[in-house]
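Asks: Before I ask anything, here is the structure I am working with.
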Amino acid sequence: MLKRHIAASETSECQSNDSFTVVDNRTGNTYEMPVTDNTISAKDLQKIKSPDGEVTRYFDPGYMNTVNCRSSIAFIDGEKGILEYRGYSIEELAEKSTFLEVAFLLIYGELPTIQQWKKFNKKVMTHTFHHNELRNMMKSFRYDAHPMGMFVSAMSALSTFHPEANPALAGQNCYDDPIARNKQIYRILGTAPTIAASSYRHRIGREYNSPRYGGYTENFFYMLDNLNDSDFKPHPVLVRALDVLFILHAEHELNCSTSAVRHLASANTDIYTCIAGGAAALYGPLHGGANEAVLKMLTKIGTKDNIPAFIEKVKNKEEKLMGFGHRVYKNYDPRAKIVRKVAEEVFEVCGKETLIDIAMELETIALNDPYFIEKKLYPNVDFYSGVIYKAMGFPPDFYPVLFTIPRIAGWLAHWSEFLDDKDKKIVRPRQIYTGHRKRGYELKVERDVKVNVSLESTKSTNGVRRKAAYRYWKSEH
Numbered sequence: 001m002l003k004r005h006i007a008a009s010e011t012s013e014c015q016s017n018d019s020f021t022v023v024d025n026r027t028g029n030t031y032e033m034p035v036t037d038n039t040i041s042a043k044d045l046q047k048i049k050s051p052d053g054e055v056t057r058y059f060d061p062g063y064m065n066t067v068n069c070r071s072s073i074a075f076i077d078g079e080k081g082i083l084e085y086r087g088y089s090i091e092e093l094a095e096k097s098t099f100l101e102v103a104f105l106l107i108y109g110e111l112p113t114i115q116q117w118k119k120f121n122k123k124v125m126t127h128t129f130h131h132n133e134l135r136n137m138m139k140s141f142r143y144d145a146h147p148m149g150m151f152v153s154a155m156s157a158l159s160t161f162h163p164e165a166n167p168a169l170a171g172q173n174c175y176d177d178p179i180a181r182n183k184q185i186y187r188i189l190g191t192a193p194t195i196a197a198s199s200y201r202h203r204i205g206r207e208y209n210s211p212r213y214g215g216y217t218e219n220f221f222y223m224l225d226n227l228n229d230s231d232f233k234p235h236p237v238l239v240r241a242l243d244v245l246f247i248l249h250a251e252h253e254l255n256c257s258t259s260a261v262r263h264l265a266s267a268n269t270d271i272y273t274c275i276a277g278g279a280a281a282l283y284g285p286l287h288g289g290a291n292e293a294v295l296k297m298l299t300k301i302g303t304k305d306n307i308p309a310f311i312e313k314v315k316n317k318e319e320k321l322m323g324f325g326h327r328v329y330k331n332y333d334p335r336a337k338i339v340r341k342v343a344e345e346v347f348e349v350c351g352k353e354t355l356i357d358i359a360m361e362l363e364t365i366a367l368n369d370p371y372f373i374e375k376k377l378y379p380n381v382d383f384y385s386g387v388i389y390k391a392m393g394f395p396p397d398f399y400p401v402l403f404t405i406p407r408i409a410g411w412l413a414h415w416s417e418f419l420d421d422k423d424k425k426i427v428r429p430r431q432i433y434t435g436h437r438k439r440g441y442e443l444k445v446e447r448d449v450k451v452n453v454s455l456e457s458t459k460s461t462n463g464v465r466r467k468a469a470y471r472y473w474k475s476e477h
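The numbering of the sequence shown is UniProt numbering, which starts it at 1 and goes up by one.
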């Protein structure tokens, strides 16, 4: 057992108030650890040894309380419902900025000047085209291939077209050159919507559209929806709505996908594969598929009259309330308030989505129910975004792709920050080993005899290992 002493009277004169004192009751040893930025160093924890001299480890499944980097990109206060990008509130950025401006802010640390904006916008938009062979590769997917599967594969394949940007081929320090690093940033930001639009067109059986100059989100809509109309122009309200959604989804600290990008970057993996890895993490329904799950829940509820019964099932753990609660936020997700306003603007153009009435009524009931208030379950950004995408006509399997495009800005920011981090190391968590030790090797004939004995034993016993051996044998034979 480890005991923490925090009272001033329990610390010695030589100990600092900015420290953490631990008494190991197994050995009687006392350890003092400096506290910096309200954290203690894992290196200091390694000083704590068991009676037999083994290092005492810190067990933290899911990294619930583990800090592995210093970052200046995003700030979140989950208790107060605050989200800031580089110090700017998400509310102000969503109201006044564009997605590409926010991407510049995340990656380079400041909002762009007029000249910086012109250059950045031009660089990104002139990198929206990709190699014809990548297009041919995408066309080789099955007609019903999932858009996210196509996106992950195509983004990873991009690395094969740019060997000069791969540390495994061009040298370990190829990203040290700011020109080379920026080249990849322009290329990935520009190409991502093109790959995404191509995956969508593939899914609906249409020819892929080539990019056309214009705004970032406007160009994306053009590639999605144009049907050989030279005068095609997407609705400005929808363009702005999607641009705001892109801003809201651009960055959210060390979530699963961002951590995956940093994890891969720690091995000096090329940036295209890093981004593909982040997209693969986002593909998981527990991360990037939450808004689709909300849509399915609302559809299942069906009408407002069914909400009370559904709420009771949630309390009895017979149903899950999707779109409520968050790993970080213990207050109203600041993005959710903005999304709700965006929804109203979209419905004025596309017509009111029938599920929105159910969503609003469900929110009202849940926010006034003591059960959900006590558990601090508030709507998150996914609660309304799926309804908006549905109103815009996007199929549910495209929702994770719509999440991926903006989040790439955050991934690129973290990748660039990681490259410049003097404390960076290859990621290598520790484990608690629970398997066998020092087993004697058995020949095949001995293993056969052992399994046969186990099979016979399962008829009269419930031994875990015997049952496991039987299950394996049965599945293979």
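We put the CB at the ideal spot given by N, CA and C, even for glycine. All of these numbers come straight from a predicted model, not from anything done at the bench.
Tell me residue 83's beta-bridge partners as DSSP assigns them.
Replies: Bridge partners of residue 83: 76.
Asks: Tell me which same chain residues have a C-beta within less than 7 angstroms of the C-beta of residue 386, skipping the five on either side of it?
Replies: So the qualifying residues of the chain are 291, 292, 294, 295 and 399.
Asks: Taking only the alpha-carbon atoms, compute the straight-line gap between residue 393 and residue 239 and give it to the nearest angstrom.
Replies: So the two alpha carbons sit approximately 13 angstroms from each other.
Asks: If you follow the beta strand (DSSP E) that residue 31 is part of, which residue opens it and which one closes it?
Replies: Taken as a continuous stretch (DSSP letters only), the beta strand (DSSP E) holding residue 31 covers 29-34.
Asks: Kindly list the residues whose CB is nearer than 7 angstroms to the CB of residue 10, restricted to its own chain and excluding five residues on each side of it in sequence; keep chain order.
Replies: Here the model assigns residue 10 a pLDDT of 39, short of 50, so the residue's position is not dependable and the matter cannot be decided.
Asks: Mark residue 267 as exposed unless 16 or more other C-beta atoms lie within 10 angstroms of its C-beta, in which case mark it buried.
Replies: Classification of residue 267: exposed, given that the 10 Å Cβ count is below 16.
Asks: Would you please state the rounded distance, in angstroms, between the beta carbons of residue 311 and residue 369? I believe it to be under 8 angstroms.
Replies: Correct: roughly 7 angstroms between the Cβ atoms.
Asks: Could you tell me the alpha carbon to alpha carbon distance between residue 270 and residue 413, rounded to whole angstroms?
Replies: Going by the C-alpha atoms only, they are around 15 angstroms apart.
Asks: Below 8 angstroms between beta carbons: does that hold for residue 214 and residue 128?
Replies: Going by C-beta atoms, residue 214 is not nearer than 8 angstroms to residue 128.
Asks: Of the choices 331, 395 and 287, whose alpha-carbon is the least far from that of residue 80?
Replies: Nearest of 331, 395 and 287 to residue 80, Cα basis: 331.
Asks: Would you kindly report the start and end of the unbroken alpha helix (DSSP H) that includes residue 20?
Replies: Run containing residue 20: none in the alpha helix (DSSP H); it sits in the beta strand (DSSP E), 19-24.
Asks: In this structure, how does DSSP classify residue 324 when only helix, strand and coil are distinguished?
Replies: Three-state DSSP puts residue 324 in a strand.
Asks: Under 6 angstroms Cβ to Cβ from residue 209, same chain only, skipping five residues before and after it: list those, please.
Replies: Only 223 and 226 meet the Cβ criterion.
Asks: Buried or exposed for residue 64, please, with buried defined as at least 16 other CB atoms from any protein chain shown within 10 angstroms of its CB.
Replies: So residue 64 counts as exposed.
Asks: How about residue 265 and residue 274: do their beta carbons lie closer than 8 angstroms?
Replies: Taking 8 angstroms as the Cβ cut-off, residue 265 and residue 274 qualify as a contacting pair.
Asks: Just to confirm before moving on: does the CB-CB distance between residue 244 and residue 94 stay below 8 angstroms?
Replies: Against a cut-off of 8 angstroms, the Cβ pair of residue 94 and residue 244 comes out as a contact.
Asks: Give the range of the alpha helix (DSSP H) segment to which residue 251 is assigned.
Replies: It is not in any alpha helix (DSSP H) - residue 251 carries neither H nor E in the DSSP assignment.
Asks: Residue 380: which of 336, 74, 342 and 406 sits nearest, CA to CA?
Replies: Residue 380 has its Cα closest to that of 336, out of 336, 74, 342 and 406.
Asks: Hey, out of 242, 250 and 362, whose CA is closest to residue 388's CA?
Replies: The shortest C-alpha separation from residue 388 is found at 242.
Asks: Residue ranges of each alpha helix (DSSP H) run of no fewer than 4 residues wholly in the stretch 172-203, ordered along the chain?
Replies: DSSP runs (the alpha helix (DSSP H)) wholly in the stretch 172-203: 178-203.
Asks: Just how far apart, CA to CA, sit residue 17 and residue 321?
Replies: Near 44 angstroms, if we compare the C-alpha coordinates of residue 321 and residue 17.
Asks: Counting only the same chain and skipping the five closest in sequence on each side, list residues whose C-beta sits under 6 angstroms from that of residue 426.
Replies: Within the same chain, residue 426 has close Cβ partners 266 and 267.
Asks: Using DSSP's beta-bridge definition, name the partner residues of residue 39.
Replies: DSSP lists 36 as partners of residue 39.
Asks: To the nearest angstrom, how far is it from the Cα of residue 179 to the Cα of residue 104?
Replies: Going by the C-alpha atoms only, they are around 15 angstroms apart.
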